[in-house]
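Here is the structure we will look at, set down as structure tokens.
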Amino acid sequence: MTLAGIDMAWITASHPTAIAFGELQNDQLTLIAIQPDLLGLSCIQNALESAPDLRGVAIDAPTIITNQYGARACERELARCYGGRKAGCHPTNRDRYPEADSVALSDWLAHRRHEHACQQATKWQIECYPHPALIEIFQLAERHLYKKGPVPARQQGQIELAQRLKSLAQSPKLALIVAGEWSHHFSAEYIQSLRGRSLKQNEDVLDAIICLYIAGLFARSEPGQLFGSVDLGYIYVPQCHCESRQ
């Protein structure tokens, strides 16, 4: 089946979104396409529509927002579990994001029969969050740092993250296979050459690949936890160690 992972910008018209597509066969997830630098909701929708037999989508952005102020219940629940490990998330509400692009995309997917967080459905969607997912997938003590700080620190953070993702090729849970066409995104030499917008673009691509891997784990019914509810907003976090223990 075809899956997609979306690292979605808050305001898609002015900030780029990245999508990673993969093909899931048994215990192997093969990265088949990457579409970075998508601007505007229609571009994201067109990219998803172009994927043949798209079954599952994992989105790093709030897909359901019902509260007017403060944080969603799922965000508070997740913070109680992961806040001490520096992996809580920012509060989301309708006052701050009255017409969130991510909610519009989720509704668009729902109209195309992608049900929320339903593994038994023919087509589904889930909201995810890479930071706690990485903690569980790699059994980290706390959040892996790769998004903030001076350029050398961000480069090193991406290099270490890329090395971890590459190690999933040997995962006993779900092997992540990356063809040569996309391997440069994981190359230390390539990442060290990046600055500014190009460094941010590679970060977005890696985030989209993480979302894709989360989608693969969900599709395989690997252990996971749903913080919150489908009615009021939720975040899905896998609860399995995926690295090879060899």
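Numbering follows the working numbering, with no gaps: position 115 of the sequence shown is 113.
Virtual Cβ for every residue (Gly too), placed ideally from N, Cα, C.
What you are looking at is a predicted structure, and each value in this text was computed from that prediction instead of being measured.
Original post:
From the DSSP output, which residues share a beta bridge with residue 225?
Top reply: 233
**OP:** Give the secondary structure of residue 114 by DSSP, where H, G and I count as helix, E and B as strand, and everything else as coil.
**Re:** strand
Original post:
Is DSSP giving residue 50 helix, strand or coil here?
Top reply: coil
Original post:
What residue from 181, 145, 214 and 194 has the CA that sits closest to residue 173's CA?
Top reply: 214
Original post:
Where do the N-terminal and C-terminal ends of the alpha helix (DSSP H) with residue 161 fall, by residue?
Top reply: 149 to 165
**OP:** Report all residues from its chain with a CB closer than 7 Å to the CB of residue 178; omit the five preceding and five following residues, and keep chain order.
**Re:** none
Subject >> Validate contact between the region 54 to 72 and the region 27 to 44 using beta carbons, cut 8 Å, 3 pairs >> reply: no
Subject >> Host alpha helix (DSSP H) of residue 19 (start-end) >> reply: Looking at the DSSP string, residue 19 is not in any alpha helix (DSSP H); the run it does join, the beta strand (DSSP E), is 15 to 23.
Original post:
Leaving out five residues before and five after residue 207 in sequence, what residues of the same chain have Cβ atoms less than 7 Å from its Cβ?
Top reply: 3, 18, 29 and 163
Original post:
When you compare only the Cα positions, how much space is there between residue 22 and residue 97?
Top reply: 33 Å
**OP:** Could you tell me whether the region 146 to 164 touches the region 186 to 197, using the rule of 3 or more Cβ pairs below 8 Å?
**Re:** yes
Original post:
Among the residues of its own chain, which have a CB less than 8 Å from the CB of residue 197, if the five just before and after it don't count?
Top reply: 149, 152, 153, 156 and 189
Original post:
Exposed or buried, what is residue 93 when buried is set at 16 or more other beta-carbons lying within 10 Å of its beta-carbon?
Top reply: exposed
**OP:** Would you identify the three-state DSSP class for residue 213, choosing helix, strand or coil?
**Re:** helix
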